[in-house]
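Chemist:
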Amino acid sequence: MTRVYNFGAGPAQLPEAVLLEMRDELLNWRGTGMSAMELPHRGSDFEKIAHESEQDLRELLAIPKNYRVLFLQGGGRSQFAMVPMNLAYQAICMAYMDTGVWSQFALQEAQRYGNVHLVASSADNHYTDIPPQSSWSLPKEAAYLHYTDNETIHGIEFPAPPTGYGFLLVSDMSSNLLTRPFDISQFGIIYACAQKNMGAAGVTVVIIREDLLQREPFPYTPSMFRYGLHAENNSFLNTPPTLAWYITSLVLKWTKKQGGVSKMAEQSQRKSAKLYAFIDQSDFYHNPVEAHCRSRINVPFILAKPELDQQFLKEATKMGLANLKGHRLVGGMRASLYNALPESAVDALIEFMQYFEASYA
Ligand code: PMP
């Protein structure tokens, strides 16, 4: 059985080198006679994994000293609640950008905790654009501004973060953290689930500016939802997801070995540009997103004849191109081009799309 190219939106393809490393040390991690997931989480061996992964992430993203890195559970979605629970107690309002399904979910969750001010929405044009900054409504009294850096379902990515408005900026980078360099110091909180560019499902990384840990959360906030408590306990408030954390530690080392985040940025630029160029020259495939905010990471596309969707998926799967089915809300196809997906996968996909168009258009 050979491995396929996995275009799934997450859990995503892992680097083969990481899977082989996991296999090799499955029964005996670094001479302990145990696998990494059998290590006591408070022992010095697992602490090494925790320490190294934090250092590697700090190095990869140039995280300043006044930011804490937390390895939490509950996925990206728990952050939709943790952010307002920890930042918005007694706040007049919270400001949210609505550029797709994930920002919608984040916004709806925040509504449980107070007034949400909608800064801008691209719902009216079916999330194919980011509204121009001139149209944004920015309430000065907002506790923070939340936006989704990359919309995994609609394939929209902010070309640059919405900085410069004097807001405490909170960003969901679940699908594009580690795919391009950026200036962390412009943010209050950045969060990302691991199962796309950083490992397997189960661990969620939160990068939080230290002073925010002093903010008083809503009084009823459970211990497990308090950033301050997690920081005080170095992400060991309870038993952390040790297997997922270990996998993340390997993926971070792999990312460094590949040349780091700037190299990942070069590759994702090249991979996505190739695919968009092919889609754009074709009358058979179509991507509806405005060029300036097309995602380098998730590329949705539809077929001119939707009745051929099933045939496309069937033949693609047969060719070793897996999980191209688009999200049910958008339809058609979606190719997710995360860091671990090699450029040869995009070449193979384009070749297949050419063949399919020539055969069925
Ligand atoms: N935000 C974004 C941008 C996502 O793509 C996802 C998952 N696809 C989430 C949040 C939710 O993450 P999880 O499933 O880990 O809760």
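The numbering of the sequence shown is my numbering, which starts it at 19 and goes up by one.
The C-beta atom is built at its ideal place from N, Cα and C for all residues, glycine as well.
1. Do you know how far the Cα of V307 is from the Cα of Y294?
2. Roughly how many whole angstroms lie between the Cα atoms of Q204 and A376?
3. Whose CA, out of F302, I208, I148, F89, lies closest to the CA of R312?
4. Could you check whether the Cβ of R76 sits closer than 6 Å to any heavy atom belonging to ligand 1?
5. Return the residue from the list S241, A160, T170 that minimises the CA-CA distance to Y356.
6. So, at 8 Å on beta carbons, what are the nonlocal neighbours of F123 in its own chain, with the 5 sequence-adjacent residues on each side left out?
7. Can you determine whether any heavy atom of ligand 1 sits closer than 6 Å to the C-beta of G184, and answer yes or no?
8. Give me whichever residues DSSP pairs with S269 in a beta bridge.
9. On a Cα-Cα basis, can you pick out the residue from E34, A353, R314, H310 that is closest to L331?
10. Grouping DSSP H, G and I as helix and E and B as strand, with all else coil, what is A210?
11. Assuming L88 and Y245 are in contact, meaning their beta carbons sit under 8 Å apart, how far apart are those beta carbons, in whole angstroms?
12. Would you say the segment 205-212 touches the segment 186-195, given that touching needs at least three Cβ pairs under 8 Å?
13. Just grab the DSSP bridge partners of R48 for me.
14. Have a look at the DSSP bridge pairing and note the partners of V224.
15. Under the DSSP definition of a beta bridge, which residues are partnered with R95?
16. How many angstroms separate the CA atom of L78 from the CA atom of M216?
17. Keeping to the same chain, check which residues put their C-beta closer than 6 Å to that of L163; ignore five residues upstream and five downstream.
18. Rounded to the nearest angstrom, what separates E234 and Y107 at their Cα positions?
19. For E361, which residues of its own chain have a beta-carbon under 7 Å away from its beta-carbon, when the five flanking residues on both sides are left out?
20. If I measure Cβ to Cβ from E333 and keep anything under 7 Å in the same chain, skipping five residues before and after, which residues do I get?
21. Just to check my reading of the structure: N143 and I110 have Cβ atoms closer than 8 Å, yes? What is that Cβ distance to the nearest angstrom?
22. Suppose you measure from the CA of L57 to the CA of E325; what does that come to, to the nearest Å?
23. Please report the Cβ distance between S167 and P179, rounded to the nearest whole angstrom; I am assuming they are in contact, meaning their Cβ atoms lie under 8 Å.
24. Cβ of R352 versus every heavy atom of ligand 1: is any distance shorter than 6 Å?
25. When you measure from the CB of T266 to every non-hydrogen atom of ligand 1, does any distance come out below 6 Å?
26. Hey, L268 and G220 are a contact pair by Cβ (cut 8 Å); roughly how many whole angstroms apart?
27. At a threshold of 6 Å, does R95 count as lining ligand 1 (C-beta to nearest heavy atom)?
28. With DSSP collapsed to three states, give me the class of T335.
29. Please check the pair Y23 and A340, which I expect to be a contact at CB under 8 Å, by giving their CB distance rounded to whole angstroms.
30. Leaving aside the five residues before and after S153 along the sequence, list all residues of the same chain whose C-beta is less than 7 Å from its C-beta, in chain order.
31. Using CA coordinates, which residue listed in N316, S121, Y145 is at the minimum distance from L136?
32. Any heavy atom of ligand 1 closer than 6 Å to the CB of D63?
33. State yes or no: is the C-beta of L90 within less than 7 Å of the C-beta of T181?
Modeler: Taking the definition as stated:
1. Going from the Cα of Y294 to the Cα of V307 covers about 11 Å.
2. 48 Å
3. I148
4. no
5. T170
6. R95, F98
7. no
8. One detail in the question is off: residue 269 reads as Val in this sequence, not Ser. In the DSSP output, where bridge partners are listed per residue, V269 has none listed.
9. A353
10. strand
11. Contact holds; Cβ gap of about 7 Å.
12. yes
13. R48 is not bridged to any residue.
14. L88, Y209
15. Beta-bridge pairing links R95 to no other residue.
16. 12 Å
17. A113, F185, L187
18. 7 Å
19. Close CB contacts of E361 within its chain, under the 7 Å cut and outside five residues either way in sequence, are with Q285, R288, K289 (chain order).
20. F374
21. With 8 Å as the limit, N143 and I110 do not qualify as a contact, their Cβ atoms being about 30 Å apart.
22. 51 Å
23. It should be pointed out that residue 167 corresponds to Asp in this sequence rather than to Ser. The pair is a contact, with the Cβ atoms about 7 Å apart (cut-off 8 Å).
24. no
25. no
26. L268 to G220, Cβ: 14 Å. No contact.
27. Yes, the Cβ of R95 comes within 6 Å of a heavy atom of ligand 1.
28. helix
29. Your pair Y23 and A340 checks out as a contact, with CB atoms roughly 7 Å apart and the cut at 8 Å.
30. Cβ neighbours of S153 beyond the five flanking positions: A138.
31. Out of N316, S121, Y145, S121 has the C-alpha closest to the C-alpha of L136.
32. no
33. no
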